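> Throughout the sequence shown, residue numbering follows my numbering, covering 18 to 169 in sequence. Ideal placement from N, C-alpha and C gives every residue a C-beta, glycine not left out. Here the structure is a predicted model, which is why all the values come from computation and not from measurement.
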Amino acid sequence: MRINTTLQESLLQKRSEAVLFLVVCSILIFSDMSTWGKSFALILLCIFAAYQRLLQKPTPRIVQLIQFDKETWRWLVREPNKNKKISVSNGRLISVHGGWFVLVLHFESIEKNQVVTESWIIWRDQVDSHDWRRLIIIARFWANDSSKVNHS
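1) Cα separation between residue 77 and residue 64?
2) What is the DSSP secondary structure of residue 60, counted as helix, strand or coil?
3) How far does the alpha helix (DSSP H) with residue 40 in it extend, from its first residue to its last?
4) Taking just the CA atoms, how far does residue 45 sit from residue 88?
5) Beta-carbon within less than 7 Å of residue 142's beta-carbon, same chain only, minus the 5 sequence neighbours each way: which residues are those?
6) Please confirm whether residue 157 and residue 20 have their CB atoms less than 9 Å apart.
7) Measure from the alpha carbon of residue 110 to the alpha carbon of each residue in 66, 135, 144, then state which is nearest.
8) Would you check if the distance between the CB atom of residue 93 and the CB atom of residue 105 is smaller than 9 Å?
9) On the three-state DSSP scale, how would you describe residue 82?
10) Would you say residue 95 and residue 103 are within 9 Å of each other, going by their C-beta atoms?
11) Quick check: the Cα distance between residue 79 and residue 118, rounded to an integer number of angstroms?
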């Protein structure tokens, strides 16, 4: 079983970030801190969130994932600059971590005669349900036993 899938942007990731932000705000509001302390912490949290959303440089996003054999993979990455350049990398899968809604794939590739390790996060809503099941199965096959795949 091999995979060749195109990845969409993840709404689940954005919703998870929003829920985490609201949880932290709720914890601050209902904490035993003084009003000034709560206000200061909430202002800092809002500044940090605004920085993350608005001012931080956009990161590259994986747009396609292709498996050739048990360890050899290719991934296409869209650069966030104006010309939307897509770079292609080939490498081998070195580890997999995952849970119910997210998988983290760690790849090793050779670029300019140096070994480079890259990690890519794949959210469940970035691929269809069939491809998600295939990714989970591939992760288990890759590990040769499910104890090597970290389902946290």
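For this structure:
1) 23 Å
2) helix
3) Segment 28-46, the alpha helix (DSSP H) holding residue 40.
4) 45 Å
5) 27, 28, 29
6) no
7) Ranking 66, 135, 144 by Cα distance to residue 110 puts 135 first.
8) Taking C-beta atoms as the reference points, residue 93 and residue 105 count as a pair closer than 9 Å.
9) strand
10) yes
11) 17 Å
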